[in-house]
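As numbered in my numbering, residues 461 to 781 make up the sequence shown, in order. Heads up, the beta-carbon is just placed ideally off N, CA and C, and yes, glycines get one too.
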Amino acid sequence: MKRSWVSGIAIALVAAAAGARPAAAEPVKTLKVTVLSTMLAGDVGIGEWGFAALLEADGQRLLIDTGDRPETVLHNAAELGIDLSTVTDLVLTHNHSDHTGGLITLRRELAKKNPRALSRAHVARGIFLSRLTTDGHERNGLLLLKTEYEALGGTFIEHAGPTVLVPGVWLTGPVPRTYPERNWSGSLLLQTPDGPVEDTIPEDTSVVVETADGLVVVSGCGHAGIVNTLEYARKTIRDDRILAAIGGFHLFPATDDQMDWTARKLRKLDLGYLLGAHCTGLEAVFRIRKIAGLSRQTAVVGAVGSSFTLGAGIDPLKLAR
């Protein structure tokens, strides 16, 4: 029987209610992650400052983030021959517009072909908290998008902790900041029940896939920190090597010391592949490649259309090869 995202969520909720972690599932046997939005483009599609990726695991499909401009992901998917109308569920990793900008256009256009297309959006707790500038202007654009998305028949599902979306595929929920991997501007005030505090983007969440070869982690921007995220995945989901880290990890503004520290940590985590897209930064990918003991084939700058396939590794396409 084909597994569904809804049944996976139900399993997780029942386990959470009982105070127990969901029973270990069979590892995912087939997995492909394809980048649909990032800055680098050359072989196909158009680039932008944003991120989106399609995850395909054992016949299930999940969109992770929606890029920045309204049409980018729709356009790039079409050029790649990818039909997103059969994708019912998506994850928004955090509230920033370069990850949520395509949400409304994608839902509206794809629903013309399939009313259930992108009708469920999974997010982590805290994503709808108000963000104000020091002069009082609202900067959480997702608050407006929430109203528009729900008017189009979409539903948000908010997760407070690690959750099984379908057996073998998890959402981390908010990630604790064990290490001081500070990679946010600090210019906004988060409006909490206890009053305004610095906006550390507490809702930052990632998708984790269990495979027989290790964990595959897909991050949108990694504001929680790549090391914090990977270690949290090992602690709460499965204590295993990190087979692959894919997506944005917000290392482009990092100092040399911070990049080197990150690379050494990734080496200890036995990282097998790095497909660093969006805000990871070019220098960070090359420095991690060298220090973490990776190669030109296993540490690659992500481009539109580049992909990671379980058992085959990274296909960088021509430009990033």
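Q: Could you name the residues of the same chain whose beta carbon sits closer than 8 Å to that of residue 479, not counting the 5 residues immediately before and after it, in chain order?
A: Translated into positions along the sequence shown, residue 479 becomes position 19. Bear in mind that the predicted position of residue 479 carries a pLDDT of just 36, short of 50, making it too unreliable to give a figure here.
Q) Span of the beta strand (DSSP E) holding residue 580? A) Indexing the sequence shown from 1 puts residue 580 at position 120. That run of the beta strand (DSSP E) goes 580-584.
Q: Tell whether a beta-carbon distance below 8 Å holds between residue 768 and residue 731.
A: Counted from its first residue, the sequence shown places residue 768 at position 308. Counted from its first residue, the sequence shown places residue 731 at position 271. The answer is no: Cβ separation not under 8 Å.
Q.
I'd like to check one pair, residue 553 with residue 665: are the Cβ atoms closer than 8 Å?
A. Here residue 665 refers to the residue found at position 205 of the sequence shown. Here residue 553 refers to the residue found at position 93 of the sequence shown. Contact: yes.
Q) What residue range is occupied by the uninterrupted beta strand (DSSP E) comprising residue 691? A) Along the sequence shown, one-based indexing puts residue 691 at 231. Premise fails: residue 691 lies in the alpha helix (DSSP H), 686-696, not in any beta strand (DSSP E).
**Q.** Beta-carbon proximity of residue 762 to residue 500, cut-off 8 Å
**A.** As a position in the sequence shown, residue 762 is number 302, starting the count at 1. As a position in the sequence shown, residue 500 is number 40, starting the count at 1. Taking 8 Å as the Cβ cut-off, residue 762 and residue 500 qualify as a contacting pair.
Q | Given residue 557 as reference, the closest of 574, 651, 727 and 600 once Cα atoms are compared | A | For the purposes of this step, residue 557 is identified with residue 97 of the sequence shown, where counting begins at 1. For the residues 574, 651, 727 and 600, the minimum Cα distance to residue 557 belongs to 600.
Q: Specify, as a first and last residue, the run of the alpha helix (DSSP H) that residue 539 falls within.
A: Stepping through the sequence shown from its first residue, residue 539 is reached at position 79. That run of the alpha helix (DSSP H) goes 532-539.
Q: Report the rounded CA-to-CA distance for residue 520 versus residue 689, giving the unit in angstroms.
A: Counted from its first residue, the sequence shown places residue 520 at position 60. Counted from its first residue, the sequence shown places residue 689 at position 229. Cα-Cα distance, rounded: 24 Å.
Q) Counting pairs of Cβ atoms below 8 Å between the region 516-532 and the region 541-552, do you hit three or more? A) yes
Q) Terminal residues of the continuous alpha helix (DSSP H) containing residue 609? A) Position 149 of the sequence shown, counted from the first residue, corresponds to residue 609. 602-611 is the extent of the alpha helix (DSSP H) around residue 609.
(Q) Just to check my reading of the structure: residue 678 and residue 493 have Cβ atoms closer than 8 Å, yes? What is that Cβ distance to the nearest angstrom? (A) Counted from its first residue, the sequence shown places residue 678 at position 218. Counted from its first residue, the sequence shown places residue 493 at position 33. Right, the Cβ-Cβ distance comes to about 6 Å (below 8 Å), so this counts as a contact.
Q. Between which two residues does the beta strand (DSSP E) carrying residue 744 extend?
A. Counting from 1 along the sequence shown, the entry for residue 744 is found at position 284. Unbroken run through residue 744 is the alpha helix (DSSP H), 742-751; no beta strand (DSSP E).
Q. Quick check: the region 738-749 against the region 709-727, are there 3 or more CB pairs under 8 Å?
A. yes
Q: Please report how far the alpha carbon of residue 773 lies from the alpha carbon of residue 637, in whole angstroms.
A: As a position in the sequence shown, residue 773 is number 313, starting the count at 1. As a position in the sequence shown, residue 637 is number 177, starting the count at 1. Their Cα atoms are separated by approximately 30 Å.
Q. What are the residues that DSSP puts in a beta bridge with residue 650?
A. Here residue 650 corresponds to residue number 190 of the sequence shown, with the count starting at 1. Answer by DSSP bridge pairing, in chain order: 591 and 657.
Q: May I have the straight-line CA-CA distance separating residue 588 from residue 652, to the nearest angstrom?
A: Taking the sequence shown and counting its residues from 1, the one referred to as residue 588 is at position 128. Taking the sequence shown and counting its residues from 1, the one referred to as residue 652 is at position 192. Cα to Cα, the separation comes out at about 11 Å.
Q. Going by alpha carbons, who is nearest to residue 605 out of 528, 561 and 491?
A. Position 145 of the sequence shown holds residue 605. Residue 605 has its Cα closest to that of 561, out of 528, 561 and 491.
Q: Put residue 673 into one of helix, strand or coil per three-state DSSP.
A: Along the sequence shown, read from residue 1 onward, the residue named residue 673 stands at position 213. Here residue 673 sits in coil by DSSP.
**Q.** Continuous beta strand (DSSP E) stretch holding residue 486: start and end
**A.** Indexing the sequence shown from 1 puts residue 486 at position 26. First-last for residue 486: undefined, no H or E at that position.
(Q) Quick check on residue 755: buried or exposed, where buried means 16 or more other Cβ atoms within 10 Å of its Cβ? (A) As a working note, residue 755 is residue 295 in the sequence shown. Answer is exposed; the Cβ neighbour count stays below 16.
Q. Thinking just about the alpha-carbon of each residue, which of 649, 618, 693 and 625 is nearest to the one in residue 663?
A. Walking along the sequence shown from the start, residue 663 turns up at place 203. Among 649, 618, 693 and 625, the Cα nearest to that of residue 663 belongs to 618.
Q.
With a threshold of 8 Å between beta carbons, is residue 581 in contact with chain C?
A. Going by chain labels, chain C is absent from the structure shown, which holds only one protein chain.
Q: Figure out for me which residue from 705, 596 and 780 has the closest Cα to the Cα of residue 770.
A: The sequence position of residue 770 within the sequence shown is 310, counting from 1. Nearest C-alpha to residue 770: 705.
Q | Counted within 10 angstroms of its Cβ, other Cβ atoms place residue 676 as buried (16 or more) or exposed | A | Taking the first residue of the sequence shown as position 1, residue 676 is located at position 216. So residue 676 ends up on the buried side.
Q. Exposed or buried, residue 594, counting other C-beta atoms within 10 Å across all chains shown (16 or more means buried)?
A. Translated into positions along the sequence shown, residue 594 becomes position 134. Exposed, because fewer than 16 other Cβ atoms sit within 10 Å of the Cβ of residue 594.
Q. Just the Cα atoms here: how many angstroms apart are residue 699 and residue 693?
A. Along the sequence shown, one-based indexing puts residue 699 at 239. Along the sequence shown, one-based indexing puts residue 693 at 233. If you take the alpha carbons of residue 699 and residue 693, they lie about 8 Å apart.
Q) Which value, in whole angstroms, describes the spacing of the CA atoms of residue 569 and residue 581? A) To locate residue 569, count along the sequence shown from 1; it is residue 109. To locate residue 581, count along the sequence shown from 1; it is residue 121. Roughly 16 Å separates the two Cα atoms.
Q. Considering only residues of the same chain and omitting the five flanking positions on each side of residue 778, which have a CB-CB separation below 7 Å?
A. For the purposes of this step, residue 778 is taken as the residue at position 318 of the sequence shown. Within the same chain, residue 778 has close Cβ partners 502 and 503.
Q. What is the DSSP secondary structure of residue 512, counted as helix, strand or coil?
A. On the sequence shown, position 52 is the one that residue 512 refers to. Residue state, collapsed to three classes: strand.
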